[in-house]
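Take a look at the structure set out below.
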Amino acid sequence: MENINQLLAVKRQKLEKLKNIGVDPYPTRSARTHKIKVLIDNKDDYISSEEVVTITGRLKAMRRQGKVGFGNIADDSGNMQIFVKKEKVGEENYEVFKLLDLGDFVQIKGVCFVTQRGEFSIRAHVVTVLGKSLLPLPTVKEKIVDGKKQRFDEFTDIELRYRKRYLDLLLNPEVKQTFEIRAQIIKEIRSFLDEKGFMEVETPILQSLYGGANARPFITHHNTLNIDLYLRIALELYHKRLIVGGIERIFEIGKNFRNEGMDRTHNPEFTMLELYQAYADYNDMMNITEDMILHIAKKVFNKDVVIFGDTEISFKKPWKRASMTELIKEESGFNASNFDFEKIKKFCEDNGIEVEKTAGPGKLIEALFEKFVEPKLIQPTFVIDFPKEVSPLAKVKPGHPNLTERFELFINGNEYGNAFTELNDPVDQRERLEAQSKLREMGDTEANVVDEDFLEALEYGMPPTGGLGIGIDRLIMLFTNNTSIKEVILFPQMKPEE
RNA sequence: GGGGGUGUAACUCAGCGGUAGAGUAUCUGCCUUUUAAGCAGAGAGUCGACGGUUCAAAUCCGUCCACCCUCACCA
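This is the structure:
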């Protein structure tokens, strides 16, 4: 505490000194003429023309030596050496330069040149303070060894990185790059869907009933209406209302909130893409999933593969499509396709899978799938034909009363997407939601609730529809080779300090 | 929730029963082409918190807190 007070006091003193010599440490205007990258990309031109340019940025390094000093400033395009000579800027301006600290925002007006050591630099005519910092930035130094950047005293404390993401972005360039890629991926999703005629929509986050997924919600309260409201756990039910309303292709990229455990693939708020297409089914959704992810890979990375850890994931079409019971048979040798509850139950128990009292054969089949199959699905795989029991919003597969036209996309052992041929029969939908409601009464806190308003919408008539949801954060983890969701969310949930 | 790990200066870390350490950053002095600038000097710490053992605790023990890893739970 003493120490930080001391560092802080020094910075405040410098602030006062600047004011005393008539310098505004927080001027209202700046006057940049060039971004740093522009100068670097056209070095030779700026050196030979001796054009007077003005750059701005944060002071990231300082090497003073008496009547001359070197520093580095960075804007969002690059980093450049500055050279300040007392003789050139004059006595008064050199005093200003001497009062600068690492972390301050500065403006340098001058001309480009190359130093004796061969570094492209700007020779200052005028040094201007744009924003004085009052807290010291952690210091990271870099040295180039054999052409490779070696970094010293890196800012690596994971907790600090997440809690003070602004410092993380400032000091760790690869972190900034991750979020640039995130933005590009989302932009490419939008442009892909726009191209295909999907309209972007926004639906309520505050909902008086929640649905569309099996999850526990966050609850909040609206004072004027004096009612409890839920933060949405999925986008699904409102999107279907829009399909009822005659919009044939819609999508939304937005936050969902689930009041559940947190780990390296779960954050309580996370970003979901959902899209719905009238007159389509789950086969169309598989095609669109393949095309969209391949589109991202090509547009953002100019490749049709991605390296995740030691594994090369290929997005080349077609991706494997296999039914859940087929895959279970392949991996465990057990045939569950006849939905024989007693046999399945016994096989589960023999394999150490806990059987909940509300579970029927469908739920057990899903449990077998998770145990035997999921971790083995490394290359993109559409797992199709889920049990009806665990798919209350999906349409039954013709000729297979226990199955639905539903798939989940697995890559690298993780789920990335979920899609169905949507259930548009209002009578069937009511029965399924009521069955969920019974499970709920028996203690399943994640079962769906009956949403009368949604059912009423279905009763007005919904066309045959395909729907798809993709977890955006996980997709970005895949493309940026990150194993923790906290690395792809700017401000991940943390416990408050103290 | 179970198991494992980490927490010491602003940053990165060493110390692991006997006076709290290093590099960077900061401050002072010298330095007109440096680049992890250099040289000389200085200041800077409730050793995560609270208890206990001990003549003596950053160090050993216990409880708690935060974060990380892992298993379980969960999309």
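So for the first sequence, this note's numbering puts the first residue at 26; every next one is plus one.
Glycine residues also receive a C-beta, built at the ideal position from the N, C-alpha and C atoms.
Quick caveat: nothing in here was measured; it's all calculated off a predicted structure.
Residues in the same chain with beta-carbon distance under 7 Å from residue i, minus the five sequence neighbours each way, listed in chain order, please.
i: M519; result: Y187 and R188
i: F204; result: L515
i: K341; result: D329
i: F138; result: I72, S146 and R148
i: K42; result: L124
i: K60; result: D100 and S102
i: E433; result: V408, E440, G442 and N443
i: Y263; result: T228 and P229
i: N118; result: V151 and V152
Name the two residues that bound the continuous beta strand (DSSP E) containing residue i.
i: N308; result: Careful: N308 lies outside any beta strand (DSSP E), inside the alpha helix (DSSP H) at Y307 to F326.
i: F95; result: V93 to D100
i: Y301; result: E294 to A303
i: V269; result: Taken as a continuous stretch (DSSP letters only), V269 belongs to no beta strand (DSSP E), being part of the alpha helix (DSSP H) at E261 to V269.
i: Q90; result: V78 to Q90
i: E277; result: R274 to F282
i: E447; result: Here E447 belongs to no beta strand (DSSP E), and DSSP marks it neither H nor E.
i: H150; result: F145 to G156
i: L402; result: From DSSP, L402 is part of no beta strand (DSSP E); its letter is neither H nor E.
i: V170; result: K166 to V170
i: T490; result: T490 to G496
i: I338; result: T336 to S339
The alpha helix (DSSP H) spanning residue i covers which residue range?
i: D329; result: Premise fails: D329 is in no alpha helix (DSSP H) and is neither H nor E.
i: A482; result: E477 to E484
i: I369; result: F366 to D375
i: E117; result: E116 to K123
i: V139; result: Taken as a continuous stretch (DSSP letters only), V139 belongs to no alpha helix (DSSP H), being part of the beta strand (DSSP E) at F130 to V139.
i: R457; result: P451 to E466
i: L234; result: That residue, L234, is in no alpha helix (DSSP H); it is neither H nor E in DSSP.
i: I61; result: I61 to D66
i: R190; result: R190 to L196
Which class does residue i belong to by DSSP, given the choice of helix, strand or coil?
i: G387; result: helix
i: Y71; result: helix
i: E179; result: coil
i: R207; result: helix
i: T350; result: helix
i: E27; result: Confidence in E27 is poor, its pLDDT being 46 and thus under 50, which makes the residue's placement unreliable; the coordinate value appears in the next sentence. If DSSP states are grouped into helix, strand and coil, E27 belongs with the helices.
i: K113; result: helix
i: F504; result: helix
i: L256; result: strand
i: N248; result: coil
i: Q202; result: helix
i: Q38; result: helix
i: A419; result: strand
i: Q518; result: coil
i: F217; result: helix
i: R241; result: coil
i: S362; result: coil
i: F432; result: strand
i: L43; result: helix
i: F108; result: strand
i: S509; result: coil
In chain order, what residues of the same chain have a beta carbon less than 6 Å from the beta carbon of residue i, not counting five sequence neighbours either side?
i: M26; result: With a pLDDT of 38 at M26, under the threshold of 50, the modelled position of that residue is not reliable, and the figure given next carries that caveat. Nothing listed; no residue qualifies.
i: T406; result: K345 and F435
i: Q302; result: R274 and G491
i: G135; result: I147, R148, A149 and H150
i: T470; result: R241
Taking residue i as the reference, which of the options has the closest Cα?
i: P488; options: T505, V475 and L448; result: L448
i: G492; options: N284, T314 and K280; result: T314
i: R257; options: N284, L250 and E512; result: N284
i: G486; options: L160, G270 and D66; result: G270
i: T508; options: G387, D288 and Q209; result: D288
i: R54; options: L155, E430 and V121; result: L155
i: T336; options: K354, Q404 and E379; result: Q404
i: K111; options: V131, I98, R89 and N97; result: R89
i: S158; options: Y51, M349 and L480; result: Y51
i: K422; options: K280, N308, V170 and I272; result: N308
If I measure Cβ to Cβ from residue i and keep anything under 8 Å in the same chain, skipping five residues before and after, which residues do I get?
i: N292; result: D498, I510, K511, I514, P517 and Q518
i: E220; result: none
Can you tell me the Cβ-Cβ gap for residue i and residue j, rounded? I've got them flagged as a contact below 8 Å.
i: L195; j: L162; result: 7 Å
i: L298; j: G494; result: 7 Å
i: Q454; j: A472; result: So it is not a contact: roughly 15 Å between Cβ atoms.
i: L127; j: K174; result: With 8 Å as the limit, L127 and K174 do not qualify as a contact, their Cβ atoms being about 19 Å apart.
Can we count residue i as close to the ligand SAH, meaning its CB is less than 7 Å from some heavy atom?
i: Q209; result: The ligand SAH is absent from the structure shown, which contains no ligands of any kind.
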